[in-house]
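When the letters of the sequence shown are read in order and numbered with the working numbering, they come out as residues 47 to 242. Just so you know, even glycine gets a beta-carbon here, dropped at the ideal spot from N, CA and C.
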Amino acid sequence: MKDKILKISAVVLLAVFTALIALQDIFLLLLADGIIAIQKRNDGTGYSSQYSFVTPEKLLPPVEPVTEPKEKLIFSVYPDGNIETEGNSELSVSCEAEKGIIVWAMLNGTKIELSEQQGDGEHSLYFGTYTSPAASSIIKKLGNITFYADKSGDVYSVKGGSISVKPYNLAEIIIKDGQGIVEPPRITGDNRVEVL
């Protein structure tokens, strides 16, 4: 039974393949992880029996590679590990980089300006602050902070640590019988529960 199904499938596939050749001069048939290109013969008598395997990458336009400067511009960054911060709090951001260049960082789509503090020798420390978004009932993962340095149009980048905003803590309130009036909690504008 399996052999019959395979033979029928092969015949159907061959018929479809032949129909496609008859309809088009050039076509692409997508297969598994590549593409087979089939072209019409130059003399117009039919189609070539030689098929070439073309990977999808060869069909895409070439992409200009991102080139890093030949020299290293950033030598150390902070934060460089996993950091959990409170909501609406300031996070110090810093790096050691070549003196006298433009340095900034990006986190969660926000550009963080870094100011140069004079350093000794050829390196300076650059500092900035990032204000985290408000906390919610679940942890917010902001992604990795990336530091950039620009020297005469050459941009160098270094990936820093992963930053997350801690969820806010829900208050546990114990009320004993006969201990005042219990009112339902109110939700504030920033989705926090206000307990009276």
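- The alpha-carbon separation between S170 and T234 amounts to approximately 44 angstroms.
- For Y194, the enclosing beta strand (DSSP E) starts and ends at 186-197.
- Scanning S210, Y202, Q163 for the CA closest to the CA of A181 turns up S210.
- Minimum Cα-Cα distance from E136 among the listed residues S208, Y176, P231 corresponds to Y176.
- Cβ-Cβ separation between F193 and V239: approximately 38 angstroms, too far for a contact (criterion under 8 angstroms).
- Around the beta carbon of I120, 16 or more other beta carbons sit within 10 angstroms, so the residue counts as buried.
- Looking at T156, E142, I158, the one whose alpha-carbon comes closest to that of G167 is E142.
- About 7 angstroms separates the CB atoms of S208 and G189; that is less than 8 angstroms, so the two are in contact.
- With fewer than 16 other Cβ atoms from the protein chains shown falling within 10 Å of its own Cβ, T156 counts as exposed.
- Separation of V62 and S55 (C-alpha to C-alpha, rounded to the nearest whole angstrom) is 10 angstroms.
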